Amino acid sequence: MREERQFVAGLYARLDELRAEAETAVRGSLAPAGNGRQARVERDVAVIERSATLTALNAADSGLCFGRLDFAPESEGEPGATHHIGRMGIRRDDAERSPLLVDWRAAVARPFYLATGHTPMGLRRRRHLTTKGRTVTALHDEILDLGDPTRTGHEDPTGDAVLLAALNGARTGRMSDIVQTIQAEQDRVIRAPHRGVLVVEGGPGTGKTAVALHRAAYLLYAHREQLARRAVLIVGPNPAFLSYIGDVLPSLGETGVLLATPAELFPGVTATAADTPGAAAVKGSAAMADALAAAVRDRQTVPDTVTEIDHEQWTLSLERAVAEDARHHARATGLPHNLARAHFGRHVLDALTGQLADRVGREPYEAIAEELGEEIPEGNVLTPADIEQLGREIAGNPDVVAAIDALWPELTPQRLLTDFLQEPVHLPDADAASIRRAPGIGWTAADVPLLDEAAELLGEDDHAARAAAAREYEERVAYAKGVLDVSYGSRTYEFEDLDDEDSEVLGAHDLIDAERFAERHEEDDHRSAAARAAADRTWAFGHIIVDEAQELSAMTWRLLMRRCPTRSMTLVGDPAQVGDAAGCDSWKQILDPYVGDRYEHTRLGVNYRTPAEIMDLAARVMREADPAFEPPSSVRSTGVEPWVRRSTPDELPRTVAEAVAAAGGAGRTAVVAPADLLPALARELPGASCGAHPDLTAPVVLLAPRQAKGLEFDTVVVAEPDRIRSGSPRGLNDLYVALTRATQSLGLVHTGGWQVTPAAATPSPAAAASD
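Sequential numbering of the sequence shown, starting at 1, is according to full-length UniProt numbering.
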């Protein structure tokens, strides 16, 4: 213990040195840059890189070192290698820059997670260090070489002490990393190759979320250059879940990751409204892609009759055949609607220009020839330049522009979807009725993938924006030239020899030209890749991790696949927990349209969170629908059976409040209940946190079943379980989720209808009569 404390103290001293160096480097990078744009860019990049280093050093302070590996000697008489394992790699300040602390993601650290007595991987001892602040408080040694003469007798005979301590510890309302207790099956997933799609399936408590987050940290370590540039996206089911996991990656020194819910994946749109389950299911179905594509084609129209357009003294005729031909050519380009619009307009303008040219270039001369009794001349007397000028005049005619807009309007995703939902088309009548709504209600989470689909179908015609940018640049160059001209006119000379132009003092005009001077006023975007990705709908991520992947609709999968053309993805979930009406029941259903069967599938089968007593009850519930259902096996038992209490409807909120008060103790308590019951429960539990963004660090939290996904609490009270089960077509899965959130104790309060009871029900903590 004394030796480890001395080592860790020296380790923190080295960390403090590195932090001071990083702070100095950041301050130095913020110093004024040189005159050139390149110098400013280099300065800004240096600030970002050195600030990221400083952030990582600060994040690693807590629990910096947590393990040590003692390897067997390679030859007799020589000492074996020893490596301390921690959150980040740290080197000594010596000529060789020798390792002082090995990053947990490095290859040499892998035996810390995989070595066993049967396969020791060269280890003779594995040591776990428990620290509080900067002090080592406990050691747990595992001997992998049973013949090791250095055994002290204090070794952990099972090797599970650190893991069990972590599992039995009180929850804080924030997920903590598992870097110290990663198990072998989890390590294999974390370090799996990142090419292609990896599916990680696991029941409640198997640690699949933690594995996904540590996989993100590992990939950023192993493929830093590529993924730091393209960023990693982590998609979670709801804001509460993202708040719950928000500290994990920073604690591992990784901040360049974008966390988002599916409802946040269309920049500029905030989902403030809610759909009925039926409407969400319709909006999430793959059929919506075809319906929206057909709706876009409906906006590419042709006139029923001839459209007459006045142009000066002439009347032009836009005939149906001309519009049909223009539409055919525009669609043949294969471009999105707004980009193809230019081709449609060009064909219409060409037809109208030809029509006007024929009249301007022939009709006056025909009249003169007829009046003089001469032969009517052949062809058009206008030159190509004359016809080009006529085309420009027609293109500027407001009536012509209006006619093109009416036949092929420029659309935004918001406008297209608003019109579509007001009167849904190309859908069965029942589906159309379920999603029909008036404008102005607000966007829902299920609308976001539809907006993204609409944006893909429409495209964005940025010709005007690029032309405006070019004009702005030209104006800056012209202004810069004027400034330099003034500088040249105001040049000065050395006083000793005013007549000698060679003695001229150098001015700005001697050092820089107008173009470079103008560039100095451009704003460079040096945001992180994650920040830029959050604002860019077309961003292609280097890797995407999706938690609770079974909940995503077919339309959401279309959105995510567009965000990751390389299909480098990790999908984490459990089909037995799908609750969303638009969710998918199998990985085949999700992935067939995109990668077929070309994906890796692995399953986590050990439940670390949920005690066996609680898992037994949850399995009984699920076997109502599937008698063959088998839950993941729990690694621990608390000896505390779930309790059940019956109440009247009027007394239910008070009964729940009494049960929460009786549970007491350290840690966090969650009450999971049907959404419509939460206001009444909140009145009886005034200190509880609830709402769309609950504070999970509060002692008591009120949650709807869907909000509880992925979360864990010391104690859980489930109110009206039968109403949760019957509340939606997938209500049984919602109840399964609610029942498996507890790490210590579970209680149920109901008003009748609860049919499943534990094998040995016990009285509630409130000492009330149980069923």
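Backbone N, C-alpha and C define an ideal beta-carbon position, used for all residues, glycine too. Keep in mind that this is a model prediction, so the values were computed, not measured.
Just to check my reading of the structure: residue i and residue j have Cβ atoms closer than 8 Å, yes? What is that Cβ distance to the nearest angstrom?
i: residue 569; j: residue 544; result: 5 Å
i: residue 710; j: residue 237; result: 7 Å
i: residue 89; j: residue 72; result: With 8 Å as the limit, residue 89 and residue 72 do not qualify as a contact, their Cβ atoms being about 23 Å apart.
i: residue 719; j: residue 652; result: 7 Å
i: residue 277; j: residue 448; result: Going by Cβ atoms, the distance from residue 277 to residue 448 rounds to 17 Å, so no, they are not a contact pair.
i: residue 228; j: residue 529; result: 6 Å
Distance, Cα to Cα, residue i vs residue j?
i: residue 433; j: residue 283; result: 12 Å
i: residue 311; j: residue 356; result: 9 Å
i: residue 657; j: residue 685; result: 6 Å
i: residue 654; j: residue 739; result: 21 Å
i: residue 17; j: residue 215; result: 29 Å
i: residue 549; j: residue 571; result: 6 Å
i: residue 181; j: residue 736; result: 27 Å
i: residue 251; j: residue 409; result: 50 Å
i: residue 731; j: residue 535; result: 36 Å
i: residue 612; j: residue 742; result: 11 Å
i: residue 533; j: residue 226; result: 15 Å
i: residue 64; j: residue 7; result: 12 Å
i: residue 427; j: residue 437; result: 15 Å
i: residue 137; j: residue 705; result: 39 Å
i: residue 74; j: residue 120; result: 14 Å
Tell me whether residue i sits in a helix, a strand or coil according to DSSP, three-state version.
i: residue 178; result: coil
i: residue 343; result: helix
i: residue 189; result: helix
i: residue 498; result: Unreliable placement is indicated for residue 498, whose pLDDT of 47 sits below 50; the coordinate value is still reported in the next sentence. Three-state DSSP puts residue 498 in coil, outside helix and strand.
i: residue 546; result: strand
i: residue 701; result: strand
i: residue 99; result: strand
i: residue 86; result: strand
i: residue 252; result: coil
i: residue 493; result: Reliability of the predicted coordinates at residue 493 is poor, the pLDDT of 49 falling under 50, and no value is obtained from them.
i: residue 266; result: coil
i: residue 613; result: helix
i: residue 629; result: coil
i: residue 243; result: helix
i: residue 24; result: helix
i: residue 209; result: helix
i: residue 299; result: coil
i: residue 556; result: helix
i: residue 59; result: helix
i: residue 294; result: helix
i: residue 672; result: strand
In chain order, what residues of the same chain have a beta carbon less than 8 Å from the beta carbon of residue i, not counting five sequence neighbours either side?
i: residue 607; result: 203, 204, 205, 206, 615, 631, 632, 633, 634, 635
i: residue 700; result: 660, 668, 669, 670, 671, 685, 687, 688, 689
i: residue 682; result: 688, 690, 702
i: residue 772; result: Coverage of the chain is limited to positions 1 through 771, which leaves residue 772 absent and any answer about it impossible.
i: residue 751; result: 646, 647, 648, 649, 652, 720
Closer than 8 Å: is that where the CB of residue i sits relative to any heavy atom of the ligand PLP?
i: residue 684; result: Summarising the ligand content, the structure contains no ligands, and the ligand PLP is consequently not present.
Return no unless some Cβ of chain C is closer than 9 Å to the Cβ of residue i.
i: residue 574; result: Absence of chain C from the displayed structure is noted, only one protein chain being present.
What residues are listed by DSSP as bridge partners for residue i?
i: residue 748; result: 644, 718
i: residue 361; result: Bridge partners of residue 361: none, in fact.
i: residue 126; result: 69, 142
i: residue 314; result: 311
i: residue 132; result: 135
i: residue 850; result: Outside the modelled stretch of the chain, which goes from 1 to 771, sits residue 850, for which no answer is possible.
i: residue 202; result: 604
i: residue 681; result: Partner(s): none; residue 681 has no beta bridge.
i: residue 91; result: 99
i: residue 742; result: 713
i: residue 258; result: 233
Sorted by chain position, which residues of the same chain lie with C-beta nearer than 6 Å to residue i's C-beta, five sequence neighbours on each side aside?
i: residue 326; result: 344, 347, 348
i: residue 746; result: 614, 642, 716
i: residue 286; result: 554
i: residue 109; result: 85, 102
i: residue 330; result: 340, 343, 344
i: residue 625; result: 732
i: residue 140; result: 128, 156, 161, 162
i: residue 333; result: 340, 343
i: residue 259; result: 234, 242
By Cβ distance, which residues of its chain are closer than 7 Å to residue i, with the 5 residues on each side in sequence left out?
i: residue 273; result: 441, 442, 443, 444
i: residue 846; result: Because residue 846 is not part of the residues shown, which for the chain are 1 to 771, the question remains open.
i: residue 680; result: 653
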